[in-house]
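Colleague: I am attaching a structure below and will ask some questions about it afterwards.
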Ligand SMILES: Nc1ncnc2c1ncn2[C@@H]1O[C@H](COP(=O)(O)OP(=O)(O)OP(=O)(O)O)[C@@H](O)[C@H]1O
Ligand SMILES: [Mg+2]
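Protein chains in written order, with the working numbering: chain W, 1 to 257; chain B, 1 to 270.
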């Protein structure tokens, strides 16, 4: 009994310590971000391209199918009320407010996030970060910050692509397959989707972008510098990002509703 | 600069341990200005660790390290970075940046710390690559290099900012005899022509003898012997003779600390 209490206490202390270090790390990134954005914008753009290009294809393919399946579900549900014209609205709202940001963040973690973690982790394992230290170059500023910013900028763009392609998928199913009138399909969307709905999706994709990128670079920077350590760190990136994104999604939605 | 003494680096009573395992236990060591100092010792004695302590990538539990008269433990980050710009370091495995080409790797410190024009950078980088015989490899990526080539590129990178102090961690491992000769002469020439202070970590007794002014032999967390290569090779101490002539038996343990072999094989150690 005594042991269990001690164990719980120990793991709580350990958690608090890690969480504190995580926050400090975040502050360090924020401190270096403005100068990186102004003086080395090219490096950041390179990382936006890296993170974005890596995830673009998978985001588009998934967006298409998620939009299509949403339209399938919406059509079958709406037809119970003879409200087939609302198929587009139902799919669009689900995409913009929920599935666009959430799915994109999870795909991003799986594709670009793991790449960031293993890249930084391997740089650490092969002394590249130490070598930078020795060349009087701060590796947090030069390696971690641009990758973090690249992810933060790429995420909302990817979420927008996801939602746009998703709407196209919904159009294919609703209009082409089920013959919903194309005019009313899109007009209903224009009438019913409000700027606040779009804003909700944008807020979420920004928050998720920060969370996913931060977790990915943190895991990479704190990798145990061995092959096994890098493997574990990439796995953790995906798992922790997925949980974090879903919890944040619930909280943001609860606040905004 | 500094206190003008002959010693560029002075290490006093250095104590450092990894967990419960002491690596250094009261180490005293001087690196003389303008000379090539070799640090030798059996694998795992802490030679790489010592280099990391000198450059404050690691912080000792006790003792002082003076670089040019300055106690490096008192430096703040920006002063530390200023000091590090006077160092060039060749890592044991090269540590090239894998996402940059050979050329960009060597150009990296210049791009980070100077505003030189592209033409000038190109000129400097190609000169340094030429010195290590790899001008033709400028366009390759680090993954396309052999281990020895990677270390030579890393050497070019370490020299590119014209440092005052060059630190080499095992520069001769994995080099063929020809490159070895070239690199040994390069190390010596840079030292003499540019007045650089060099620290070489190596197991290679012969090569060290041709290039070093002074050698330290580390063992058990302390300096076991020191002196010019001649002094060491004619030393009568059992320990020095064991290392210089590569004998398994002697005061330097070939084995990492372990419980008795017999006990462990019989499964009695737990
Ligand atoms: N990250 C680490 N964590 C724990 N112990 C370490 C770590 N790095 C090195 N050590 C220990 O420190 C000791 C010294 O290591 P170091 O790399 O300095 O040896 P070395 O003299 O450079 O050996 P070699 O000639 O093989 O390169 C070793 O016994 C090793 O077990
Ligand atoms: Mg070593």
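Yeah, the Cβ is synthetic: ideal placement off N, Cα and C, and Gly gets one too.
#1: Beta carbons nearer than 9 Å to chain W: which residues of the segment 96-129 of chain B have them?
#2: Closer than 7 Å by beta-carbon distance: list the chain W residues that pair up with residue 89 of chain B, in chain order.
#3: If you measure from the beta carbon of residue 93 of chain B to each beta carbon in chain W, is any gap under 8 Å?
#4: Using a strict less-than 7 Å threshold between each residue's beta carbon and the heavy atoms of ligand 2, what residues do you get?
#5: Indicate the three-state DSSP secondary structure (helix, strand or coil) for residue 104 of chain B in the structure shown.
#6: Please determine if the segment 95-103 of chain W and the segment 71-84 of chain W are in contact, where contact requires at least 3 C-beta pairs separated by less than 8 Å.
#7: So which residues on chain W does residue 81 of chain B lean against when the C-beta distance must stay under 8 Å?
#8: Where does residue 215 of chain B fall in DSSP's three states?
#9: What is the DSSP secondary structure of residue 112 of chain B, reduced to helix, strand or coil?
#10: Out of B:237, B:197, B:171, B:225, state which residue places its alpha-carbon closest to the alpha-carbon of residue 95 of chain B.
#11: Does residue 197 of chain B get closer than 8 Å to chain W when you measure Cβ to Cβ?
#12: Closer than 8 Å by beta-carbon distance: list the chain B residues that pair up with residue 16 of chain W, in chain order.
#13: Out of B:194, B:18, B:157, B:265, which has the shortest C-alpha to C-alpha gap to residue 103 of chain B?
#14: Quick one: Cα of residue 121 of chain W to Cα of residue 224 of chain W, how far?
#15: Who are the near neighbours of residue 3 of chain B in its chain, counting only those whose CB is closer than 6 Å to its CB and skipping five residues on each side?
#16: Identify, in the order they occur along the chain, each residue of the same chain with its Cβ nearer than 6 Å to the Cβ of residue 147 of chain B, setting aside the five sequence neighbours on each side.
#17: Please list, in chain order, the chain W residues whose beta carbon lies closer than 7 Å to that of residue 84 of chain B.
#18: For ligand 1, any of its heavy atoms closer than 7 Å to the Cβ of residue 199 of chain B?
#19: Just checking my contact of residue 53 of chain B with residue 16 of chain B at CB under 8 Å: how many whole Å lie between their CB atoms?
#20: For residue 40 of chain B, name the three-state secondary structure that DSSP assigns.
#21: Which of the residues in the segment 228-247 of chain W, read from start to end, lie with their CB under 7 Å from any CB of chain B?
#22: Figure out for me which residue from B:212, B:159, B:10 has the closest Cα to the Cα of residue 71 of chain B.
#23: How many angstroms separate the CA atom of residue 180 of chain W from the CA atom of residue 147 of chain W?
#24: Checking the sheet assignment: what are the DSSP bridge partners for residue 14 of chain B?
#25: Which of helix, strand or coil does DSSP assign to residue 198 of chain B?
#26: Strictly under 8 Å for the Cβ-Cβ distance: is residue 234 of chain B near chain W by that measure?
#27: Here's a check: name, in chain order, each residue in its chain whose Cβ is nearer than 6 Å to the Cβ of residue 137 of chain B, leaving out the five neighbours to either side.
#28: May I ask whether a heavy atom of ligand 1 can be found less than 7 Å away from the beta carbon of residue 37 of chain B?
#29: Assuming residue 63 of chain W and residue 166 of chain W are in contact, meaning their beta carbons sit under 8 Å apart, how far apart are those beta carbons, in whole angstroms?
#30: Along the chain, where does the beta strand (DSSP E) that runs through residue 155 of chain W open and close?
#31: May I ask you to list, following chain order, the residues of the segment 51-83 of chain B that have a beta carbon less than 7 Å from some beta carbon of chain W?
#32: Please confirm whether residue 184 of chain W has its beta-carbon closer than 8 Å to some beta-carbon of chain B.
#33: Which of the three DSSP states, helix, strand or coil, is assigned to residue 257 of chain W?
#34: Can you find the residues in the same chain that come closer than 7 Å, C-beta to C-beta, to residue 21 of chain B, ignoring five residues on each side of it along the sequence?
#35: Chain W beta carbons: is any one of them nearer than 8 Å to that of residue 18 of chain B?
#36: With a threshold of 16 other CB atoms inside 10 Å of the CB of residue 242 of chain B, please say whether the residue is buried or exposed.
Modeller: From the atom records:
#1: 96, 97, 98, 99, 108, 109, 112, 113
#2: 134
#3: yes
#4: B:47, B:48, B:92, B:169, B:170, B:201
#5: helix
#6: no
#7: 136, 138
#8: strand
#9: helix
#10: B:171
#11: no
#12: Near residue 16 of chain W there are no residues of chain B at all, since even the closest Cβ is about 23 Å away, more than 8 Å.
#13: B:157
#14: 8 Å
#15: A caution first: residue 3 of chain B carries a pLDDT of 48, below 50, which makes its placement in the model unreliable, though a value can still be read off. Excluding residues within five positions, the ones whose Cβ falls inside 6 Å are 69.
#16: 174
#17: 134, 136
#18: no
#19: 6 Å
#20: strand
#21: none
#22: B:10
#23: 44 Å
#24: B:27
#25: strand
#26: no
#27: 102
#28: no
#29: 4 Å
#30: Here residue 155 of chain W belongs to no beta strand (DSSP E); instead the alpha helix (DSSP H) covers 145-171.
#31: 55, 57, 81
#32: no
#33: coil
#34: none
#35: no
#36: buried
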